[in-house]
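Chains as they are written, first to last, in my numbering: chain A, 980 to 1000; chain B, 936 to 1225. Ideal placement from N, C-alpha and C gives every residue a C-beta, glycine not left out. First the structure, in the form of structure tokens, and then the observations on it.
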């Protein structure tokens, strides 16, 4: 699931903005 | 949950909401009722939309009010008649992209709000992803209602107001995008919720034990139960004359699911019919949703 939702996962992990991902 | 714990939970969720969302209902209502010194720029046709694109976007980038205001005074370029239809199509596509940008920004805020909610970050990471995936659009349309009245919608952090009639006048499928949200907002706003009620309602949307694919359902259900009970007690205290507000609000959860399903179908239709791209974050959320 985390693999399919990399941006959402990253936002949850460290709060990067979507454009930074 | 004892009463003291419940009050702490209510306060923590309200604080998280006020801290993480740039727009809230109190701010939006001040603007919509004309109680701010600067009224929003009204977008009611393609010319005013194109003017707003230049002025409001410039303002957000530069953060310089006087400069952007001077640009508002300038006349819009008049398109040659032969290009007008093409320009209109391009403007509609750009409007769709503006909607996407706002959605992405709100999803980011919602994620930070969820992370600030007590116990959320202790959940299995897969479950945090699942809860957000299914909640963000329901929460987004709830928050959108705060920015709407019967005539239109606040945009660009309250600096613009786009009219309902203009959104209805766009060509299909874009014209079908916002009207169901206005209809929902009219019913939802009649309940007169304030930001403290909305904070708990959005938290209840996120902490939902029946989202597909949850790994640890009992833990999510326990969190859901604590939020729902906090919401019930808070509504009774905050709206003592409206004893049926809590069940009416729970009914809205079902309405929101229907609204999101319709919205997801429309996005699919736009993707099929139009040569337009979808932001990667939104792609992730829509993929295998329902």
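Closest Cα partner of residue i within the set the options
i                       : options                        : result
residue 1169 of chain B : B/1157, B/1184, B/1156, B/1074 : B/1184
residue 1040 of chain B : B/937, B/1224, B/1215          : B/1215
residue 965 of chain B  : B/1094, B/1042, B/1123, B/1122 : B/1094
residue 1033 of chain B : B/1211, B/1219, B/1224         : B/1211
residue 953 of chain B  : B/1131, B/1209, B/1182         : B/1131
residue 1186 of chain B : B/1122, B/1053, B/937          : B/1122
residue 1147 of chain B : B/1135, B/1064, B/1018         : B/1064
residue 1042 of chain B : B/1120, B/1070, B/1156         : B/1070
Span separating the alpha-carbon of residue i from that of residue j
i                       : j                       : result
residue 951 of chain B  : residue 1173 of chain B : 19 angstroms
residue 1272 of chain B : residue 949 of chain B  : Chain B is shown from 936 up to 1225; residue 1272 of chain B falls before or after that span and cannot be answered.
residue 1092 of chain B : residue 1099 of chain B : 17 angstroms
residue 1078 of chain B : residue 1206 of chain B : 25 angstroms
residue 1101 of chain B : residue 1161 of chain B : 42 angstroms
residue 989 of chain A  : residue 1217 of chain B : 14 angstroms
residue 1086 of chain B : residue 1114 of chain B : 11 angstroms
residue 1127 of chain B : residue 1133 of chain B : 10 angstroms
residue 1124 of chain B : residue 977 of chain B  : 22 angstroms
residue 975 of chain B  : residue 968 of chain B  : 11 angstroms
residue 940 of chain B  : residue 1150 of chain B : 27 angstroms
residue 992 of chain B  : residue 984 of chain B  : 11 angstroms
residue 993 of chain A  : residue 1107 of chain B : 39 angstroms
CB of residue i within 8 angstroms of CB of residue j, strictly
i                       : j                       : result
residue 955 of chain B  : residue 1048 of chain B : yes
residue 987 of chain B  : residue 1081 of chain B : no
residue 1067 of chain B : residue 1046 of chain B : yes
residue 1109 of chain B : residue 1027 of chain B : yes
residue 1030 of chain B : residue 1111 of chain B : no
residue 1196 of chain B : residue 1221 of chain B : no
residue 1142 of chain B : residue 1159 of chain B : yes
Per-residue DSSP class, three states only, for residue i
i                       : result
residue 981 of chain B  : helix
residue 1173 of chain B : helix
residue 1088 of chain B : strand
residue 1048 of chain B : helix
residue 1098 of chain B : strand
residue 1123 of chain B : helix
residue 1083 of chain B : strand
residue 1076 of chain B : helix
residue 1117 of chain B : helix
residue 1295 of chain B : One cannot answer for residue 1295 of chain B here, as it falls past the ends of chain B, which runs 936 to 1225.
residue 976 of chain B  : strand
residue 1159 of chain B : helix
Residue i CB to nearest heavy atom of the ligand MN below 7 angstroms
i                       : result
residue 1087 of chain B : This structure lacks the ligand MN; in fact it carries no ligand of any kind.
| Which residues, in order along the stretch 1060–1073 of chain B, keep a beta-carbon less than 7 angstroms from a beta-carbon of chain C? | The structure shown contains no chain C; its protein chains are A and B.
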